[in-house]
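Undergrad: This is the structure I have questions about; it appears just below.
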Amino acid sequence: MNAKLAELYGNDYVLTSEQPNLFYWYRTTDGEEFGIRKTRLTAREKDLLNAIFPSLRLIDNQMNGVQKKWASLLFEDDLSVELNLKPPIRYIHFYLKEAPTDLSDFIEAMTGLFSEETVLLFENDRKGVLVQTNEVDEQIVQELEQTAAALTADFFTGMSLFVGQTIRHSDNNQLKRVYKAEKKWFSTGRDLMPSQMVFTHQEIVPAVLFHEASEETIDYLGKLIEPVQLDAELLKSIRIYLESNLNITLAAKQLYVHRNSLQYRVDKFIEKTGIDVKSFQGAVMVYLSLLAMELR
């Protein structure tokens, strides 16, 4: 069937594209995705393909007016659409390892977890974005981890989420640019940290920068902590210390050790590496070194 479609539509039939918004996308029963250029399909041909193959945008028919406007901006590059928004705005991107067997139930479960002002959009049956408007909850990450775990259990599909930056300016160009950048970062983050369930822009952007950095840069940063690279307990302690904003007491509680024990480990790290991890500059350098070591 696909060979015949490829022959019929020629260059307008693709398996991948750097401009996916120019195509209607479908999936075969074997899981292979393909697209056909929108301008090539008549309404009748589109209906026929939807009847034969699961359309990856079939839920467009279920969208309300607000969702259609957001879809026009984010998926169709329509910068003229009027959204009438009040900042702040934030995107929560999501990705499913497998399409839910009942997409309608999944949509209902997702929308029930967020406020009425959150707009749910599917780019296809495995990925999409939640648009939070007017109200941005900065404490949402922990809740999203529980959400992702619950949805994974209920729908038997692995799920990952990316909490994007808070957008303070609501012009369409800015909204589109942030969406495209975060979508790219999310894809890279999933490749670099496949076991992670919830990402934030604070952690994913450094990972993306490392991914794009030269081998010499990565090697240099890795060597900074070479004297302690085999001491897993020490490296874990330093990582928790850094993530606790250099707060010895808070980090010690998370590690279930006495604060004096952690202080000893921090001093040991400084002695062996020569980097003062208690200072801001030293902490940044060590954090980048730990990240470089993890991503090698």
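The sequence shown begins at 752 in this note's numbering and counts up one residue at a time.
A virtual CB, placed ideally from N, CA and C, is assigned to each residue, including glycine.
Computed from a prediction, not measured in an experiment: that's the story for all the values here.
Answer yes or no: do ALA850 and ARG877 have a C-beta to C-beta separation smaller than 8 angstroms?
TA: ARG877 sits close to ALA850, with the two beta carbons spaced by under 8 angstroms.
Undergrad: Using only CA atoms, which one of ILE999, GLY1033, TYR971 and LEU847 lies nearest to PHE937?
TA: LEU847
Undergrad: So, THR1024 versus VAL979, is the Cβ gap smaller than 8 angstroms?
TA: For THR1024 and VAL979, yes; Cβs fall inside 8 angstroms.
Undergrad: Could you tell me if ILE803 is buried or exposed, where buried requires 16 or more neighbouring beta carbons within 10 angstroms of its beta carbon?
TA: exposed
Undergrad: By DSSP's criteria, TRP776 is part of a beta bridge. Which residues make up the other side?
TA: GLY786
Undergrad: DSSP three-state label for HIS1056, please.
TA: Residue 1056 falls outside the range modelled here, since the chain spans only 752 to 1047, and no answer is possible.
Undergrad: Taking its Cβ as the centre, do 16 or more other Cβ atoms sit within 10 Å of SER1040, making it buried, or is it exposed?
TA: buried
Undergrad: Assuming ILE991 contacts PHE1020 (C-beta within less than 8 angstroms), just tell me the rounded distance between them.
TA: With a beta-carbon spacing of about 12 angstroms, ILE991 and PHE1020 fall beyond the 8 angstroms limit used to define contacts.
Undergrad: So, using beta-carbon positions, are ARG788 and PHE774 closer together than 8 angstroms?
TA: yes
Undergrad: Taking DSSP's pairing of strands, which residues face HIS844 in a bridge?
TA: VAL880 and PHE913
Undergrad: Could you tell me how far apart the beta carbons of VAL765 and TRP821 are, in whole angstroms, since I believe they sit closer than 8 angstroms?
TA: VAL765 to TRP821, Cβ: 25 angstroms. No contact.
Undergrad: May I ask you to report which of helix, strand or coil DSSP gives THR903?
TA: helix
Undergrad: Taking the straight line between their C-alpha atoms, what separation do you get for MET948 and LYS931?
TA: The alpha-carbon atoms of MET948 and LYS931 are separated by roughly 21 angstroms.
Undergrad: Select from GLY915, LEU872 and THR1000 the residue whose C-alpha is nearest the C-alpha of GLN953.
TA: The shortest Cα separation from GLN953 among GLY915, LEU872 and THR1000 belongs to GLY915.
Undergrad: With respect to the beta strand (DSSP E) encompassing PHE950, which residues constitute its N-terminal and C-terminal limits?
TA: 949-951
Undergrad: Identify the residues that DSSP records as bridge partners of ILE918: which are they?
TA: ILE840
Undergrad: Near ASN762, what residues of its chain come up, given a Cβ to Cβ distance below 6 angstroms and the 5 sequence neighbours on each side ignored?
TA: none
Undergrad: Opposite VAL870 in the DSSP bridges: which residues?
TA: VAL882
Undergrad: Are there 16 or more other CB atoms within 10 angstroms of the CB of PHE826, so buried, or fewer, so exposed?
TA: buried
Undergrad: With distances taken Cα to Cα, identify the nearest neighbour of ARG941 among GLN925, ARG928, VAL959 and VAL929.
TA: Restricting attention to GLN925, ARG928, VAL959 and VAL929, the CA atom closest to the CA of ARG941 is found in VAL959.
Undergrad: Kindly list the residues whose CB is nearer than 7 angstroms to the CB of PHE857, restricted to its own chain and excluding five residues on each side of it in sequence; keep chain order.
TA: PRO851 and PHE906
Undergrad: Have a look at GLU868, GLN1032 and ASP1018 and flag the residue whose alpha-carbon is nearest the alpha-carbon of LYS837.
TA: Measuring from the Cα of LYS837, the nearest candidate turns out to be GLU868.
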